[in-house]
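First up is the structure itself, then whatever we jot down about it.
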Amino acid sequence: MGTQVWSGTVGGRTHRVEADDGLTRAVRWSVDGELAAQKRSTQEKVRLEVAPDRLEVRFSPLGAPRRATVGGVDLVPEPGSRAARHEEAVGGHPERYALIQAAGGAAKVVLPILLTVLLARFALSLPLPSIDGPDLPSLPLPDLPDLPDWSLPGWVEQAIGVVKYVWPVVLAYVLARSEINRRRRQDEERGS
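Just remember that the numbering used here sits 196 ahead of the position in the sequence shown, which is counted from 1.
Dropping the structure here:
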């Protein structure tokens, strides 16, 4: 388990954030050399508030600390740290970052579907015991009017079938591109 450190000055106050990686993430936030707040969490986004400031630390899905933001301003990671290397990689190859995020979004959609199909196949292959239940009377159903016979064109049905799998990937790509633009603005504001 490692500790990632960020620091910076926001609103005339010096901030230092330490975040431990792992399943249970510990975040310690110091303002002007004094411990302001700390928290343990399993969330990918950990938030702390100490008036008038608000801290947000983001972690990767596997628990690596990625970014610390105070009042909308990204703090600077320690040089040579994993978070610093991550920022350099994202800044150096924004398209690759966006594609990786989109692939991760696709995996979050496709993997549960595949696992569900595999579990369903396994469950349906098990022999079921025969259970005799009581005879229930049949209930008469009301007569419903006949509806007109129409259907969507085949290409529309195919498009609808594909869209539910494609939109999360497109959304992940758009969100990754907006994150790249946000990081560029942060770099400009910091004067990097």
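Note that the Cβ used here is the ideal one computed from N, Cα and C, for glycine as well.
What you are looking at is a predicted structure, and each value in this text was computed from that prediction instead of being measured.
Check                                                                                                                                                    : Outcome
With a CB to CB cut of under 8 Å and the five nearest residues on each side skipped, what residues in its chain are close to R221?                       : A215, R236, S237, T238, Q239, V242, V253, F255, G259, P261
Would you check if the distance between the CB atom of V213 and the CB atom of A264 is smaller than 8 Å?                                                 : yes
Is G218 helix, strand or coil by DSSP?                                                                                                                   : coil
Below 8 Å between beta carbons: does that hold for P364 and G301?                                                                                        : yes
Check whether the region 376-383 touches the region 300-319, taking contact to mean three or more Cβ pairs, one atom from each stretch, closer than 8 Å. : no
Secondary structure at Q354, three-state DSSP: helix, strand or coil?                                                                                    : helix
Specify, as a first and last residue, the run of the alpha helix (DSSP H) that T312 falls within.                                                        : 290-321
Compute the Euclidean distance between the alpha carbons of V206 and E274, then round it to the nearest angstrom.                                        : 17 Å
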